[in-house]
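For what it's worth, our numbering labels the leading residue of the sequence shown as 303, then goes sequentially. Here's the structure, in structure tokens; my notes come after.
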Amino acid sequence: MKLILTGGREREGLQSEATQYDMGIILTFDTVSGDAEINVHYESPPETCPVKNPSILFKAGSIRDSTLYVCTQTEVLMYSLPSFVQTGYVSLKCFNDLHHVACTDAGHLLIANTGLDMVIEMTQGGTIIREWDVLGEQTWNKFSKEKDYRLIPSTKPHKSHPNYVFTVGPHIWVTRCHQQDAVCLTHEGWSLPVNGAYIHDGVIYDEHIYFTRVDGHVVKVDLKNPGRPQLYNLNKMAAANMPLGWCRGIKPVGDDKVVVCFSRLRPTTKINADGSKTTSGNFGVKPTHIACFDLRAEVKKWEFDMEQHGLNAIYSIL
């Protein structure tokens, strides 16, 4: 089985979140041979990112009609598969901390514009069709349409932190990290609570939606019976004696088997308002890796270290 991983390379030294990565990486990995090939090294052009040590990496992507759609913090890029030749590009002033891009049946882009707590629907040429504040507020009462948010390292704290967009039939949904749920943007009042920890993903496979929780759990929701989600503890299946990592990125592969990504838990330095620095995080934890789990049997099937191939953080697996 060949998998495409999107993520980034970590900058050397102890970094803040806003400066942590210096290169976006797209990597193809063969789970049979264990061979890895880096298909894309990418650095954002200076006019699309903060001036000093911008964090550059690929966030979550999607595949449609032999095209890979993927985003950096401030850009959306399109690559033809399997050649990985770049075929499209969009970067708008309102882009900040993008987390995911998907393509609709109509060929429009759906973008989780996390830094502004919003979702954007736009053409592949960059024309905005619709915008949603994921909390139902007025986005442009909180932010300015005149400001170039690509040049701002961070707009945190976010009220919601939307991070993954998906569609169910004609309806558009988004995961909201801080609310620990997924909400429908096109039908008021529809929501799926995924409580217990911050969530990522929203991958549909065989009439189910698969969510990851950053604490190493998978939540499986039956589209026909969404009120009874199933929770799977990957920490228990892996029999790990240390944290598995930041759980983000999932690929169902059939027969209740999933491949899940874990990014190394890393210490980070935060600069406080008074100029002092606070370091938080864990040393001595597992490296960034992918692992396959049989959810029905509740066992781990295999695991591969991705840091040896130059990938220090993973956002999606395709």
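Just so it is clear, CB atoms sit at the ideal spot from N, CA and C, and this is done for glycine as well. Remember, predicted model here, so these are calculated numbers, not experimental data.
Here the alpha carbon of Lys461 sits roughly 32 Å from the alpha carbon of Glu609. In this structure Leu613 is in contact with Ile327, their Cβ atoms being roughly 6 Å apart against a cut-off of 8 Å. Collapsing the DSSP output to three states places Pro528 in a strand. Pairing Leu533 with His519, the inter-Cα distance amounts to about 7 Å. Look at Arg366 here: in three-state DSSP terms it is strand. About 7 Å separates the CB atoms of Lys553 and Leu620; that is less than 8 Å, so the two are in contact.
DSSP places Met544 in no beta strand (DSSP E); its state is neither H nor E. The continuous alpha helix (DSSP H) containing Asn443 extends over residues 441-444. Per the C-alpha coordinates, the member of Val601, Thr477, Gln481, Pro495 positioned closest to Leu487 is Thr477. Counting only residues of its own chain and dropping the five nearest sequence neighbours on each side, Lys304 has a CB closer than 8 Å to the CB of Thr330, Phe331, Asp332, Thr333. By alpha-carbon distance to His401, the top candidate from Ser364, Tyr466, Asn537 is Tyr466. Between the C-alpha atoms of Arg452 and Ser618 there is a straight-line separation of about 22 Å. Note that the C-beta distance between Cys351 and Thr376 is below 7 Å. Ranked by Cα distance from Pro455, the options Gln440, Val403, Cys396 are led by Cys396.
Looking at the backbone, the Cα of Gly547 and that of Trp604 are separated by about 16 Å. The Cβ atoms of Asn415 and Thr457 do not sit closer than 7 Å to each other. Counting C-beta atoms within 10 angstroms of its own C-beta, Glu423 has 16 or more neighbours from the protein chains shown and is therefore classed as buried. In the structure shown, Pro554 adopts extended strand secondary structure according to DSSP, grouped into three states. Following the DSSP letters along the chain, one finds Leu329 inside the beta strand (DSSP E) bounded by residues 323-332. Residues Gly310, Arg311, His343, Tyr344, Glu345, Ile358, Leu359 of the same chain have their beta carbon placed closer than 8 Å to that of Met325, with the five preceding and five following residues left out of the count. Counting C-beta atoms within 10 angstroms of its own C-beta, Lys449 has fewer than 16 neighbours from the protein chains shown and is therefore classed as exposed. In the structure shown, Pro464 adopts extended strand secondary structure according to DSSP, grouped into three states. Take the alpha-carbon of Ile306 and the one of Asp607: they are about 15 Å apart. In this structure, Val470 lies away from Gly428, with their beta-carbon atoms at least 7 Å apart.
If you ignore the 5 residues before and after Asp483, its C-beta comes within less than 7 Å of the C-beta of Ser493, Leu494, Pro495, Val496, all in its own chain and listed in chain order. Residue Asp419 holds the alpha-carbon nearest to the alpha-carbon of Asp435 among Asp419, Gly551, Asn527. Counting only runs of 4+ residues, no alpha helix (DSSP H) is found wholly inside the stretch 352-405.
Ala338 is positioned such that its CB atom lies closer than 7 Å to that of His611. Between Asp517 and Cys563 a beta carbon distance of about 14 Å is seen, past the 8 Å cut, so the two are scored as non-contacting. Under DSSP, His591 forms a beta bridge with Phe564, Asp607.
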